[in-house]
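If you count the sequence shown from 1, position 238 lands on 430 in this note's numbering, and the numbers rise without skipping.
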Amino acid sequence: MTDHNIYLDHGATTPVHPKVVELMLPYWTKYYGNPSSSHSFGRQAESALRSARESVADLLNASPGEIVFTANGSASDNLAIRGVVRSSQLRGKRNHIIISSIEHSAVKNTAVQLAEFNECEVTILPVDQYGQIRPADLESAIQSNTILISIMAANNEIGTLQPIEEIGRIAREHGILFHTDAIQAIATQNWDMARMPIDLLSIAPHKFYGPKGIGILYIRDGVQLEPVLTGGGQEENRRAGTENVAFAVGAAEALRLVLDEQSDLVEHYRLLTGKLIEGLTTALPHDCVLTGHPTQRLPHNASFAFRKVSGNDILMHLDLAGIAASSGSACKTGDPKPSATLEAIGLSPEWTKGGLRLTVGRQNNLADIDYTLQTIPAIISRLQELDYAWD
């Protein structure tokens, strides 16, 4: 057994900030009313929900009416895409939407399903070697019936940032709505929704030290969107279901805390990921490549591909060594599959099964990185000595 217990999977989820936990607690035990109820208990809950909504809106330079609380980031993506498509259908229009080849499955699978059920047409844009779309490709893909462009702000696997301001500008010029999944990027960039050409933006608080089980969708005022969940008409008839007041309060506080500390956190992240990137690419010059854009990437993300190894095996050995990480490949034990993202950026088959994502957080330190840099090269060398088939 190892004495190490190092968490390098903050891109998957983060621990909840103690101040967030403290602020949420009363809304399970003291202020537990349904915010739709008219009595004093309900009014207390509604007041907390309204304050949380106002706080999120202020942090994004939006209006409270543009903020919708959902169940999670995937629910926010689904509401944005399905809601826009169905609203257009109700107006008797034939829909076309554009996404990229490396979108999160909450976007990609949703778009593909809509196409399969003949609710819309979908164009999937390729990406370059760094995982960025080409604006010229986007311009060429636009049709007369294009109603929505959905391109993520930053890729969850390789950390590449997309040129969302330029994408939004193109969308505006053509009168097309622009949705961005900002789930990975929201905490490390500044957002001014009054200025930025973004119509819908998805957020998941558990990526920035908030609770799981709640999401946020910014919907620009005037955007027509049909609800995906129907029922009691909560969230101004945009998402039915009793609101999770405690989690909304926690989400707002988590966003406030992480944006208040953003500059210090980003500096901390870059110190750690810079050391990871330099250390691994130097130690394994022929067997390790950095994936994603070398500079236009999430500051807390260091992603790699290793030659002729399985990401599934890397993760197992890292876990035994006391390091938690993620692989980009969709792996089952004994049946590793190539990462669709690594294939999309043009890596050959000897690399696409060996993806590794190391995402650092506020509690990580240089000692964690030193141990990781000692551990990974030895694991890769050991795995490469094994005799597996790569056909």
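Ideal Cβ placement from N, Cα and C applies to all residues, glycine included. Since this is a predicted model, take the numbers as computed values, not measurements.
CB histidine 371 to CB aspartate 384, shorter than 8 Å? Against a cut-off of 8 Å, the Cβ pair of aspartate 384 and histidine 371 comes out as no contact.
Buried or exposed: which applies to glutamate 331, given that a residue is buried once 16 or more other Cβ atoms fall within 10 Å of its Cβ? Under this definition glutamate 331 is an exposed residue.
Element boundaries [beta strand (DSSP E), containing tyrosine 410]: Run containing tyrosine 410: 407 to 411, per the beta strand (DSSP E) assignment.
Could you round the C-beta distance between methionine 216 and alanine 438 to whole angstroms and report it? I think they count as a contact, below 8 Å. The pair is a contact, with the Cβ atoms about 4 Å apart (cut-off 8 Å).
Candidates Asp195, His196, Thr194, Leu200: closest to arginine 549 by CA position: Taking only the C-alpha atoms, the option nearest arginine 549 is Leu200.
Could you give the distance in angstroms between the alpha-carbon of glutamate 308 and the alpha-carbon of isoleucine 290? Computed Cα separation, rounded: 15 Å.
Three-pair Cβ contact test at 8 Å for the stretch 481 to 490 versus the stretch 326 to 344: No, the stretch 481 to 490 does not touch the stretch 326 to 344.
Just to confirm my understanding: we take glycine 351, look at its own chain, exclude 5 residues before and 5 after, and list those with CB closer than 7 Å. What are they? For glycine 351, where only same-chain residues beyond five positions count, the Cβ hits under 7 Å are Gly484, Arg489, Leu490, Asn493, Ser495.
Whose C-alpha, out of Gly284, Asp320, Leu306, Glu258, is nearest the C-alpha of serine 293? When only C-alpha atoms are compared, the closest one is Asp320.
Output needed for proline 327: all residues of its chain with C-beta closer than 6 Å, excluding positions within five of it in sequence on either side, in chain order. Glu358, listed in sequence order.
Using 8 Å as the threshold, is the C-beta distance between valine 501 and isoleucine 572 below it? It is a contact, given that the beta carbons lie within the stated cut-off.
Is arginine 431 near valine 260, with beta carbons less than 8 Å apart? Using a Cβ distance threshold of 8 Å, arginine 431 and valine 260 count as a contacting pair.
Put asparagine 436 into one of helix, strand or coil per three-state DSSP. Three-state result, asparagine 436: coil.
Could you check if glycine 546 is buried or exposed, using at least 16 other CB atoms within 10 Å of its CB as the buried criterion? Burial of glycine 546 is indicated by the presence of at least 16 other C-beta atoms within 10 angstroms of its C-beta.
Compare the Cα-Cα distances from glycine 425 to each of Val299, Tyr322, Thr262, Ala204 and report the closest residue. Relative to the Cα of glycine 425, the nearest Cα in the group Val299, Tyr322, Thr262, Ala204 belongs to Thr262.
Nearest to glycine 257 by alpha carbon, out of Gly265, Arg242, Ser266? Scanning Gly265, Arg242, Ser266 for the CA closest to the CA of glycine 257 turns up Arg242.
Alpha carbons only, please: which of Phe400, Gln416, Tyr461 is nearest the one belonging to glycine 265? Each of Phe400, Gln416, Tyr461 was checked against the Cα of glycine 265, and the nearest Cα belongs to Phe400.
Assuming serine 519 and glycine 503 are in contact, meaning their beta carbons sit under 8 Å apart, how far apart are those beta carbons, in whole angstroms? Contact between serine 519 and glycine 503 holds: their C-beta atoms lie close to 3 Å from each other, under 8 Å.
Runs of 3 residues minimum, wholly inside the stretch 349 to 436: which ones carry the beta strand (DSSP E) assignment? As far as the stretch 349 to 436 is concerned, its whole beta strand (DSSP E) runs of at least 3 residues are 369 to 373, 392 to 395, 407 to 411.
Step through the CB atoms of chain B and report whether any lies within less than 8 Å of the CB of serine 336. The question asks about chain B, but that chain is absent: this structure has only one protein chain.
Proline 136 burial status per 10 Å Cβ neighbour count (16 or more: buried): Outside the displayed span of the chain (193 to 583) sits residue 136, for which this structure offers no information.
What's the C-alpha gap between asparagine 287 and isoleucine 362? Cα-Cα distance, rounded: 18 Å.
Out of Glu535, Pro218, Asn556, which has the shortest C-alpha to C-alpha gap to valine 441? The candidate whose alpha carbon is nearest that of valine 441 is Pro218.
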